[in-house]
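Here's the structure we're looking at; comments come further down.
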Amino acid sequence: MLDETANADAGGAVMALLGQVRLVSLAHVNDPATTPGFPGDPEFTLETAFTVPADGFYLQYVKEGEHTGTHWGAPGHMNDGQVLADQMDPGDFLLPAVRIDVRDKAARDPDYALTVEDLEDWERRHGPIPAGAAICLWTGWGDKWGTPAYAGLDADGVIHQPGFGLAAVEWLVATGKLGRRGALGSDTFGPDRGVDDTYAVSKLLYHERRISLENLANLGALPPRGGAVLVGGVINRRGSGSPATVYGIVPR
């Protein structure tokens with residue numbers, strides 16, 4: 150009886166806590182007609198495999214790379230010997246979140262790199278970045294989803310998208326802002342600028358055993374501070390990441 154009472158009390162406390170927040174979607178819908186593919190990635194297709202009239206149930210056959218659409222990347226995605234999807238801890242996918250708005254700067258310069266000065270200015274206005282946070286860069290590129298402007302390819306096939314500057318990420322690591330857990334998120338193909346084909350930011354992030362959150366949507370629904378992100382996706386054996394449903398947890 151005592152155990153039942155304790156369980157009821159705990160359940161009530163959880164429900165009360167959930168009543169103080171709401172969920173917002175930070176993920177795009179995966180659709181081969183509109184989902185931009187990173188140049189060179191496997192083609193994304195959806196085929197109807199079964200229908201209710203013919204088979205008694207409806208099911209699609211999905212063929213895609215692990216980094217299709219809104220997705221997360223595991224440390225082993227770019228560094229040998231780092232942990233992969235099935236070696237991650239559930240706690241790696243529920244993180245406090247901050248949103249850094251660089252839309253004006255990115256609109257003026259599609260190759261814009263977030264700076265240490267940007268981060269320091271953000272902290273002056275909003276307070277310290279929590280350790281182990283998902284630091285989400287709001288560039289405005291999500292508004293270009295489904296159009297050629299999203300990739301911003303030039304005549305030489307170079308991607309033009311804003312991202313995190315390497316010095317800014319080194320500062321986040323050195324100051325402990327990217328703590329024992331953490332992530333870099335963006336509403337672009339990834340945390341690196343499109344013109345950086347060395348992926349220096351991603352490699353540093355993954356080397357520190359953090360994850361990336363890529364092709365995020367609806368970042369305007371996430372507050373600058375005080376929210377959180379919950380990341381879900383298929384856990385493939387030795388996966389490099391996964392297409393994901395990413396939720397923002399926002400105080401009411």
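Throughout the sequence shown, residue numbering follows my numbering, covering 150 to 401 in sequence. Beta carbons are placed, not taken as given, at the ideal position from N, Cα and C, and that holds for glycine. Here the structure is a predicted model, which is why all the values come from computation and not from measurement.
Bridge partner(s) assigned by DSSP for residue i
i, result
"Ala176", "Leu365"
"Val395", "Val380"
"Leu315", "None, per the DSSP bridge assignment."
"Val307", "DSSP output for Val307 lists no bridge partner at all."
"Thr197", "Gln209"
"Ala262", "Gly312"
"Val170", "Pro400"
Terminal residues of the alpha helix (DSSP H) in which residue i lies
i, result
"His275", "Val265 to His275"
CB contact below 8 angstroms: residue i versus chain D
i, result
"Pro202", "In summary, chain D is missing from the structure at hand, where a single protein chain is found."
Environment of residue i [buried if 16+ CB atoms lie within 10 Å]
i, result
"Glu215", "buried"
"Glu192", "exposed"
"Lys212", "exposed"
"His356", "exposed"
"Arg274", "exposed"
"Met164", "exposed"
"Arg171", "exposed"
"Arg359", "buried"
First through last residue of the beta strand (DSSP E) which encompasses residue i
i, result
"Lys212", "Leu208 to Lys212"
"Pro202", "Here Pro202 belongs to no beta strand (DSSP E); instead the alpha helix (DSSP H) covers Val201 to Asp204."
"Arg248", "Leu243 to Asp250"
"Ile284", "Ala283 to Trp287"
"Gly222", "His220 to Gly222"
inquiry  = To test your reading of the DSSP string, which unbroken alpha helix (DSSP H) runs of 4 or more residues are found completely within the segment 323-390?
reply    = 349-356
task = Pair every Cβ in the segment 243-261 with every Cβ in the segment 384-394, then say whether three or more of these pairs are closer than 8 angstroms.
result = no
request  = For the segment 227-237 and the segment 264-272, state whether three or more C-beta atom pairs, one from each stretch, are separated by less than 8 angstroms.
outcome  = no
request  = Assess, as a yes-or-no matter, whether the segment 367-382 is touched by the segment 297-312 under the definition of 3 or more beta carbon pairs within less than 8 angstroms.
outcome  = no
task = Count the CB pairs spanning the segment 328-342 and the segment 278-286 that are closer than 8 angstroms, and state whether there are at least three.
result = yes
Inter-stretch contact (C-beta, 8 angstroms, three-pair minimum) for the segment 162-181 and the segment 358-378 = yes
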